[in-house]
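Worksheet for the structure shown next.
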Amino acid sequence: MPAEQSPVPAERSPAPAQPPAPAQRSPAPAAQPSEPSKPSEPSEPARPPEPGHSGGLTAVVAALAANLGIAATKFVAYAITGSASMLAEAVHSVADSGNQLLLLLGRNRAQRDRTEEHPFGFGRERYFYAFVVAVVLFTVGALFSIYEGIRKITHPEPITSPVVAFVVLALAIVMESFSLRTAVRESSEQRNGDNWLQFIRRAKAPELPAILLEDMAALTGLLLATTGVALTVITGNEAWDGAGSLAIGVLLGCVAVILAVEMKSLLIGESASAEVERDIVTALEAGPEVECVIHLRTTHLGPETLLVTAKIAVRPCERAEEIAAGIDAAERRVRAAVPIAKVIYLEPDVYREARADAADPAIRAVRRRPGR
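Mapping to our numbering: the sequence shown position 191 is 957, numbers consecutive.
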């Protein structure tokens, strides 16, 4: 039978653990193939989003408003005091404001409809713009602060009107604390028992991890700037102000590297969590038409879109119409269990345990389930 006449295997992905199924077992052209990318049925109840899959808009807007106000006050304070730490913090706030605009732009562009050139949509644009945020944070924030700190240490300049600097820093700490509180509140709704490091590592939506890292770095930077200005006033040594700016630059560089590493992983393509993959396997095997799941591969096309590909074992004597109907039923069960599984490709096969490669990650994803 020609390959183009076989609707189900046409979408199959290569499986290193299983040899290609013989051509005579491909579903006949008379079978009606299931639509792999159809959305969830409207009548199916939707579960709450998985941790870190959505949200973050309120936190982004709150951070943008806070940083715009903070940047304006810091530039005024720098103009009055001439403090290098204050200038570094002002540039930091400008970089953060630009980063929040980039995150909002990424959310907007990710909502575009699929095209022939991008058949899986644009969900990963959110990851791209979050990666750009890391680049901006490193280049504009970190490198400038380090440069300004070195310049102030090698060419010390006195700080005038230090009281103004302290007042502005205190106001900035208050505004940044409100922004961080908003991000923490939104993140707490999605953590589901994870600690903060686990949440940042496992989140599939980039906005909340980015805002959390930025806000924590901003508060720490404000404390460093306050310490630098205070030591300069107490000791009369202007090098402390430069040291504060230098410390802020190192801090921003570390945050930028962490954020870049996490966004790079999402851009390359991360699988669903182990819990979500267990739910998918359970849903696939919940019907009589699927004997077992041979292997499973998942990847996030965006925070709210999951691609699921699986090879499922069916009875060898089934007709093409029965296989196609079984695949439709299995897809409906998966979408009911995991609503973000919006693109599903299932390949029928006959299970041969002797050919299963336990080292294949796609097979381990199935066997990690309790009881398997």
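Think of the CB as a built atom: it goes at the ideal place given N, C-alpha and C, for glycine as much as any other residue.
Helix or strand or just coil, what does DSSP make of residue i?
{"i": "glycine 1035", "result": "coil"}
{"i": "glycine 889", "result": "coil"}
{"i": "arginine 1063", "result": "strand"}
{"i": "cysteine 1083", "result": "coil"}
{"i": "glycine 1068", "result": "strand"}
{"i": "valine 826", "result": "helix"}
{"i": "alanine 794", "result": "Confidence is the limiting factor: at alanine 794 the pLDDT is only 39, short of 50, which leaves the residue's position unreliable, though a coordinate-based value still follows. Residue state, collapsed to three classes: coil."}
{"i": "alanine 1128", "result": "helix"}
{"i": "glutamate 816", "result": "In this prediction, glutamate 816 scores a pLDDT of 49, lower than 50, which makes its location untrustworthy; no coordinate-derived value is stated."}
Provide the residue(s) that pair with residue i in DSSP beta bridges, ordered along the chain.
{"i": "proline 1114", "result": "Ile1078"}
{"i": "alanine 1107", "result": "Leu1072"}
{"i": "cysteine 1020", "result": "Beta-bridge pairing links cysteine 1020 to no other residue."}
Count the other CB atoms within 10 Å of the CB of residue i; is the residue buried (16 or more) or exposed (fewer)?
{"i": "threonine 998", "result": "buried"}
{"i": "glutamate 914", "result": "buried"}
{"i": "valine 1044", "result": "One point to set straight first is that residue 1044 is arginine, not valine, in the sequence displayed. Buried is the call here."}
{"i": "serine 1031", "result": "exposed"}
{"i": "aspartate 981", "result": "buried"}
{"i": "threonine 926", "result": "exposed"}
{"i": "histidine 858", "result": "buried"}
{"i": "threonine 920", "result": "exposed"}
{"i": "arginine 1101", "result": "buried"}
{"i": "glutamate 1051", "result": "buried"}
{"i": "phenylalanine 965", "result": "buried"}
{"i": "glycine 889", "result": "buried"}
{"i": "glycine 994", "result": "buried"}
{"i": "arginine 1063", "result": "buried"}
{"i": "valine 1027", "result": "exposed"}
Hey, how far is the Cα of residue i from the Cα of residue j?
{"i": "isoleucine 1129", "j": "valine 1074", "result": "14 Å"}
{"i": "glutamate 883", "j": "glutamate 923", "result": "57 Å"}
{"i": "alanine 1076", "j": "glutamate 1113", "result": "6 Å"}
{"i": "isoleucine 1060", "j": "alanine 969", "result": "28 Å"}
{"i": "proline 975", "j": "cysteine 1083", "result": "50 Å"}
{"i": "valine 1021", "j": "leucine 979", "result": "7 Å"}
{"i": "phenylalanine 841", "j": "alanine 856", "result": "6 Å"}
{"i": "serine 911", "j": "phenylalanine 904", "result": "10 Å"}
{"i": "isoleucine 916", "j": "alanine 843", "result": "20 Å"}
{"i": "alanine 1079", "j": "arginine 1098", "result": "17 Å"}
{"i": "threonine 847", "j": "proline 972", "result": "37 Å"}
{"i": "alanine 787", "j": "methionine 1029", "result": "Below a pLDDT of 50, predicted positions are generally treated as unreliable, and alanine 787, at 41, falls in that range; no measurement from the model is reported."}
{"i": "serine 851", "j": "alanine 845", "result": "12 Å"}
{"i": "alanine 832", "j": "valine 934", "result": "13 Å"}
{"i": "threonine 1048", "j": "valine 1023", "result": "38 Å"}
{"i": "histidine 1066", "j": "leucine 1072", "result": "5 Å"}
{"i": "alanine 829", "j": "arginine 880", "result": "31 Å"}
{"i": "isoleucine 1106", "j": "glutamate 1070", "result": "5 Å"}
{"i": "alanine 876", "j": "leucine 1033", "result": "13 Å"}
{"i": "alanine 1009", "j": "leucine 985", "result": "17 Å"}
{"i": "valine 826", "j": "valine 1132", "result": "37 Å"}
{"i": "tryptophan 962", "j": "aspartate 1115", "result": "42 Å"}
{"i": "lysine 1108", "j": "alanine 1096", "result": "13 Å"}
{"i": "aspartate 1094", "j": "glutamate 942", "result": "50 Å"}
{"i": "glutamate 1055", "j": "arginine 1081", "result": "8 Å"}
{"i": "alanine 983", "j": "tyrosine 1117", "result": "52 Å"}
{"i": "leucine 1012", "j": "glycine 872", "result": "31 Å"}
{"i": "phenylalanine 886", "j": "tyrosine 1111", "result": "13 Å"}
{"i": "glutamate 936", "j": "alanine 838", "result": "Residue identity differs from the one stated: residue 936 is alanine in this sequence, not glutamate. Computed Cα separation, rounded: 14 Å."}
{"i": "proline 1127", "j": "glycine 1068", "result": "21 Å"}
{"i": "glutamine 956", "j": "lysine 918", "result": "43 Å"}
{"i": "leucine 834", "j": "asparagine 958", "result": "32 Å"}
{"i": "glycine 1035", "j": "arginine 967", "result": "14 Å"}
{"i": "alanine 1103", "j": "cysteine 1058", "result": "17 Å"}
{"i": "serine 849", "j": "alanine 996", "result": "11 Å"}
{"i": "glycine 822", "j": "valine 899", "result": "15 Å"}
(message) Does the stretch 1037-1053 come into contact with the stretch 1001-1010, if we say contact requires no fewer than three beta-carbon pairs (one atom in each stretch) closer than 8 Å?
(response) no
(message) Check whether the stretch 852-862 and the stretch 885-898 touch, using three or more Cβ-Cβ pairs below 8 Å as the test.
(response) no
(request) Could you tell me whether the stretch 1082-1099 touches the stretch 977-991, using the rule of 3 or more Cβ pairs below 8 Å? (result) no
(message) Closer than 8 Å is the cut-off here; do at least three beta carbon pairs connect the stretch 949-960 with the stretch 927-940?
(response) no
(message) Using 8 Å as the cut-off, can you tell me whether the stretch 866-873 makes contact with the stretch 1007-1026, which would need three or more C-beta pairs spanning the two stretches below that distance?
(response) no
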